[in-house]
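Asks:
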Amino acid sequence: MRRISTKRLQPGMQLAQPVISADGTILLAKGQTLRASYIDRLRQLGVSSVYVVDPRFPDIDANDFLSERARAQALRTVRDACTSLIAGSVIDMPAVTEIVDMLIDDLSSKPDLLVNVFDIRTYDDYTFAHSVNVCSFAILIGMSFSLNSGMLRELAIGALMHDLGKTCVPLDLLNKPGSLSDEEFAQVQKHTSDGFDILRKQGEIGLLSAHIALQHHERVDGTGYPRALAGSEIHLYARIVAVADVYDALVSDRPYRSRFLPHEAAARLALESETAFDAEVVRKFLRKVAFYPTGTLVRLSTGYMGVVVDINQPMTTRPIVRILYDAQGEDIGDYFELDLSKSSNISIIEVISDETRLA
Ligand SMILES: [Fe+2]
0 MRRISTKRLQ
10 PGMQLAQPVI
20 SADGTILLAK
30 GQTLRASYID
40 RLRQLGVSSV
50 YVVDPRFPDI
60 DANDFLSERA
70 RAQALRTVRD
80 ACTSLIAGSV
90 IDMPAVTEIV
100 DMLIDDLSSK
110 PDLLVNVFDI
120 RTYDDYTFAH
130 SVNVCSFAIL
140 IGMSFSLNSG
150 MLRELAIGAL
160 MHDLGKTCVP
170 LDLLNKPGSL
180 SDEEFAQVQK
190 HTSDGFDILR
200 KQGEIGLLSA
210 HIALQHHERV
220 DGTGYPRALA
230 GSEIHLYARI
240 VAVADVYDAL
250 VSDRPYRSRF
260 LPHEAAARLA
270 LESETAFDAE
280 VVRKFLRKVA
290 FYPTGTLVRL
300 STGYMGVVVD
310 INQPMTTRPI
320 VRILYDAQGE
330 DIGDYFELDL
340 SKSSNISIIE
350 VISDETRLA
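Start counting the sequence shown at 0; every next residue gets the next number (numbering that gives the first Met the number 0).
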């Protein structure tokens, strides 16, 4: 399989990964053969890329880091929580706890798990899909800190619910392209204290989980909001969720910018560790991210181009690449694999996101 921009999809291509909507239903299943009408719909929904089956790479797999069932149920749970809050009723906490436990089970059953998939979602899905990803990343980081199961649950509940305060912010303000006025920014910033107040009132949510909503925009150098806390004044859970939140936002298409590739997002996080982010949290998280997910077309320092077919751990920046093209972009015919962890003189110099050369 390989990742392909929806602009380049052709009828007859087959999906290698499902497309899941905001309410957790599967819009198009894995294995579905695409028709022209499906392709139009994907583009209308703002889905920027999908994974398709490619007979040249039958062995390349980029399974989502969550099971389909867990992801779909988590999406539904976050959506239901938002709907309940908007309707003035309470969050179904047993449902939240159930899904959080399912995510923890899902992720802890795969200790070597890497975040090894490109973002595939629509703009509309952003808030819900983002919450589920932030929760998953927070669990992965929490496991690296060897948090016990009670702590992981507290962390995961707060991470899943960290942006619920946004139900109090008008949608056009949240999606506004360009810069915000001081007044608008203040309104957006309030989602932290609003989120805290909402969660505190739920009774069944621990105070530390609620603090994640309050503190996830604080920065360790004291430049965050709402209280400009610094260093360990910010609870570890909130320092974890800050990193998870920013990474997922960076790798997502937003109405006002297109996404960063995983290695670019990782570089930005690394640059801001020690200043904005807790360096230890960033280090632990980046060990869990595949900078070049399988299916990525890359150019090597030799000029040759190929597709990432497997990730090496812990050398995630040096995956195994199947070489397809020479430096001139000519198909070399006799494909071979290069293990970059064993070829220290060769490195990846570019990710080719416009896959015209593969089409
Ligand atoms: Fe937020």
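No residue lacks a Cβ here, since even glycine has one placed at the ideal position from N, Cα and C.
What you are looking at is a predicted structure, and each value in this text was computed from that prediction instead of being measured.
For Ile322, report the span of its beta strand (DSSP E) as first-last.
Replies: From DSSP, the beta strand (DSSP E) with Ile322 extends over 319 to 324.
Asks: Taking all protein chains shown into account, decide if Thr5 is buried (16 or more other Cβ within 10 angstroms of its Cβ) or exposed.
Replies: Under this definition Thr5 is a buried residue.
Asks: Compute every distance between the C-beta of Asp193 and the non-hydrogen atoms of ligand 1, then say whether any falls below 7 Å.
Replies: Because no heavy atom of ligand 1 lies under 7 Å away, the Cβ of Asp193 does not count as near it: no.
Asks: Got a sec, what are the start and stop residues for the beta strand (DSSP E) Phe136 sits in?
Replies: It is not in any beta strand (DSSP E) - Phe136 instead sits in the alpha helix (DSSP H) that spans 125 to 143.
Asks: Name, in chain order, the residues that DSSP records as bridge partners for Arg1.
Replies: DSSP output for Arg1 lists Val51 as bridge partner(s).
Asks: Can you give the Cα-Cα distance for Arg152 and Pro54, rounded to whole angstroms?
Replies: Rounded to the nearest angstrom, the two C-alpha atoms are 42 Å apart.
Asks: Here's the rule I'm using: 16 or more other beta-carbon atoms within 10 Å means buried, otherwise exposed. How should Ala69 be labelled?
Replies: With 16 or more other Cβ atoms within 10 Å, it is buried.
Asks: Is His234 near ligand 1, in the sense that its beta carbon is under 7 Å from a heavy atom of that ligand?
Replies: False, no ligand heavy atom lies under 7 Å from that Cβ.
Asks: On a Cα-Cα basis, can you pick out the residue from Leu44, Ser342, Thr222 that is closest to Arg253?
Replies: Among Leu44, Ser342, Thr222, the Cα nearest to that of Arg253 belongs to Leu44.
Asks: Indicate whether the contact test is met: 3 or more Cβ pairs, each with one atom in the region 91 to 106 and one in the region 212 to 228, closer than 8 Å.
Replies: They do not touch, by the three-pair rule.
Asks: With 16 other CB atoms within 10 Å as the buried threshold, where does Tyr363 fall?
Replies: The chain is shown only over 0 to 358; residue 363 falls outside these bounds and no answer can be derived.
Asks: Comparing C-alpha positions only, which one of Phe290, Leu146, His190 sits nearest to Ser346?
Replies: That would be Phe290, whose Cα lies nearest to the Cα of Ser346.
Asks: Which class does Met92 belong to by DSSP, given the choice of helix, strand or coil?
Replies: Correct three-state label for Met92: helix.
Asks: In its own chain, which residues sit with a C-beta less than 7 Å from the C-beta of Ile98, not counting the 5 before and 5 after it?
Replies: Here the set comprises Gln72, Ala73, Thr76.
Asks: Since Val306 and Thr295 should fall inside the 8 Å C-beta cutoff, what is the C-beta to C-beta distance between them, to a whole number of angstroms?
Replies: Sure, about 7 Å apart at Cβ, within 8 Å.
Asks: Keeping to the same chain, check which residues put their C-beta closer than 8 Å to that of Ile156; ignore five residues upstream and five downstream.
Replies: Val95, Thr96, Val99, Ile204, Gly205, Ser208, listed in sequence order.
Asks: If you run the structure through DSSP and keep just helix, strand and coil, what is Ser272?
Replies: Here Ser272 sits in strand by DSSP.
Asks: Which residues in the same chain have their Cβ closer than 6 Å to the Cβ of Arg321, if we skip the five residues on either side of it in sequence?
Replies: The residues are Gly305, Val306, Val308, Tyr334, Glu336.
Asks: Taking Cβ to Cβ, would you say Leu64 is nearer than 8 Å to Phe284?
Replies: For the record, residue 64 in the displayed sequence is Phe; it is not Leu. Not closer than 8 Å, so no.
Asks: Per DSSP, what kind of secondary structure is Asp162 in: helix, strand or coil?
Replies: Coil at Asp162, not helix or strand.
Asks: Might you give, ordered along the chain, the residues of its own chain that have their beta carbon closer than 6 Å to the beta carbon of Lys175, omitting 5 neighbours on each side?
Replies: The answer is none, since no qualifying residue turns up.
Asks: Sorted by chain position, which residues of the same chain lie with C-beta nearer than 7 Å to Lys165's C-beta, five sequence neighbours on each side aside?
Replies: Thr126, Leu173, His190.
Asks: Would you mind reading off the limits of the alpha helix (DSSP H) that contains Val77?
Replies: First-last of the alpha helix (DSSP H) with Val77: 67 to 85.
Asks: Rounded C-beta distance between Met12 and Leu33? I'm assuming under 8 Å.
Replies: Confirmed, about 5 Å.
Asks: In the structure shown, what three-state DSSP assignment does Glu263 receive?
Replies: In this structure, Glu263 counts as helix in the three-state DSSP scheme.
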